[in-house]
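What follows is a short report on a single structure.
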Amino acid sequence: MSASDDLPPLRDVIRRHELRARKSLGQNFLLDLNLTARIARSAGPFAGVSVLEVGPGPGGLTRALIAQGARVVAVERDERAIAALAEIAERYPGRLEVIAGDALAFDPRQHLTAPARVVANLPYNIATALLVQWLTAEPWPPWYDRLILMFQREVALRITAAPGSKAYGRLSVLAGWRSKARMLFDIAPSAFVPPPKVTSSLVELVPRPEPLACASRTLQRVTEAAFGQRRKMLRQSLKSLGVDPIDLLGKAGIAPTARAEDIPVEGFVALARAFEP
Ligand code: SAM
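Counting with the working numbering, you get residues 145 to 421 for the letters of the sequence shown.
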């Protein structure tokens with residue numbers, strides 16, 4: 145497989161930099177250039193856009209993003225990948241800034257200029273934690289105009305689930321509160337090296353400019369209690385909040401016999417507001 149730029153094929157990059165995938169770092173690399181180009185296209189156009197890429201690894205997606213006009217800030221924890229990425233930065237001066245470090249501890253605002261966007265094939269072990277960080281960003285509207293992220297399909301289904309469905313839960317409420325989330329397409333395990341056990345999905349999240357007012361921490365406490373016992377009626381599951389659940393549900397205008405999976409985002413926001421001190 146040859147690259148669409150004049151950089152060496154990714155397999156050579158991996159061999160030269162001894163980038164054998166490590167499970168502990170959630171490494172499943174995309175080497176199919178048609179696929180990396182398709183992901184980049186789904187996230188574009190990039191005129192004037194700064195892209196944050198988490199976990200560029202050997203740089204397949206990074207190269208596709210640059211080829212389609214993005215300026216990329218890439219945060220990578222694996223020291224072995226840093227040298228490989230330096231070669232891309234050298235080939236495209238001013239287009240790629242590589243930051244060695246932990247994406248969970250990274251403050252993007254110091255490195256990105258608006259408009260900014262996140263595009264990533266996320267390490268699965270920290271994918272949800274990163275998404276929650278981005279969805280609870282303050283101030284709101286956030287520093288990014290879109291998130292284009294790859295998750296395990298099961299997580300993608302939870303992010304985009306509607307009330308009443310089996311996958312609807314805490315993550316769906318948080319994502320639905322602050323964004324419009326939708327599935328873009330699935331990616332088979334065979335597209336990755338090494339292949340993961342499950343199918344992956346690309347998800348797009350577009351921030352809502354004016355989400356219903358409430359504190360994200362309170363919303364998360366309420367959904368944690370409600371979905372902690374998702375089969376139970378809310379008058380039972382909300383007891384763990386330490387206040388009278390009937391009173392709380394009354395203030396929020398929700399029937400005490402309702403169950404968490406049937407409550408839309410607006411209902412949880414009303415509960416969070418009623419619970420706020
Ligand atoms: N973007 C590459 C691709 O599509 O081929 C690699 C994706 S791989 C699923 C996840 C990448 O995230 C790996 O390169 C891994 O080293 C990196 N990573 C894992 N934990 C990280 C962390 N806490 N901060 C930044 N990068 C991390």
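All C-beta atoms in this analysis are idealised placements derived from N, C-alpha and C, irrespective of residue type, glycine included.
Counted as a single uninterrupted DSSP element, the stretch harbouring Arg166 is not any beta strand (DSSP E), since DSSP gives it neither H nor E. In the same chain as Lys341, and ignoring 5 residues on each side of it, the C-beta atoms closer than 8 Å to its own belong to Pro333, in chain order. Cβ-Cβ separation between Val262 and Leu291: approximately 5 Å, consistent with a contact (criterion under 8 Å).
Under the three-state reduction of DSSP, Glu220 is assigned to strand.
In the structure shown, the three-state DSSP call for Asp289 is strand.
Arg326 carries a strand assignment under DSSP once its states are collapsed to helix, strand and coil. A direct Cα-to-Cα measurement between Leu174 and Gly204 gives close to 6 Å. When only Cα atoms are considered, Ala370 and Leu378 end up about 6 Å apart. For Leu196, the enclosing beta strand (DSSP E) begins and ends at Ser194 to Val198. Restricted to the stretch 327-355, the beta strand (DSSP E) segments that are unbroken, complete and at least 3 residues in length are 344-351, listed in chain order.
Distance from the Cα of Val198 is smallest, within the candidate group Arg166, Pro389, Tyr268 and Ile331, for Tyr268.
When rounded, the separation of the alpha-carbon atoms in Leu256 and Gly192 is 11 Å. Boundaries of the alpha helix (DSSP H) harbouring Leu392: Pro389 to Ala396, taken from the DSSP string. Under the three-pair Cβ rule at 8 Å, the stretch 205-222 does not count as touching the stretch 372-389.
Under the criterion of beta carbons closer than 8 Å, Ala214 and Phe190 qualify as touching, at roughly 4 Å. Note on geometry: alpha-carbon atoms of His161 and Leu154 lie some 11 Å from one another. Spatial neighbours of Pro285 in its own chain (CB-CB distance under 7 Å, excluding positions within 5 residues in sequence) are listed in chain order as Pro351 and Pro353. With a cutoff of 7 Å, Phe371 does not count as near the ligand SAM, since its C-beta is closer than that to no heavy atom of the ligand.
DSSP places Asn265 outside any alpha helix (DSSP H); the residue lies instead in the beta strand (DSSP E), whose first and last residues are Ala260 to Asn265. Below 8 Å, enough C-beta pairs join the stretch 318-337 and the stretch 163-174 to call them touching: three or more. In the three-state reduction of the DSSP assignment, Glu241 falls in the strand class. Counting only heavy atoms of the ligand SAM, the residues whose C-beta sits closer than 6 Å to one of them are, along the chain, Leu169, Gly170, Gln171, Asn172, Phe173, Leu174, Val198, Gly199, Pro200, Gly201, Gly204, Leu205, Val219, Glu220, Arg221, Asp222, Ala225, Asp246, Ala247, Leu248, Asn265, Pro267 and Ile270. Put simply, the stretch 407-420 touches the stretch 354-366. At least three CB pairs are less than 8 Å apart. Distances from the CA of Gly313 to each of Val409, Gln296 and Arg159 were compared; the closest alpha carbon is that of Val409. In terms of Cβ geometry, Leu293 and Leu275 form a close pair [threshold 8 Å].
The three-state secondary structure of Gln254, taken from DSSP, is helix.
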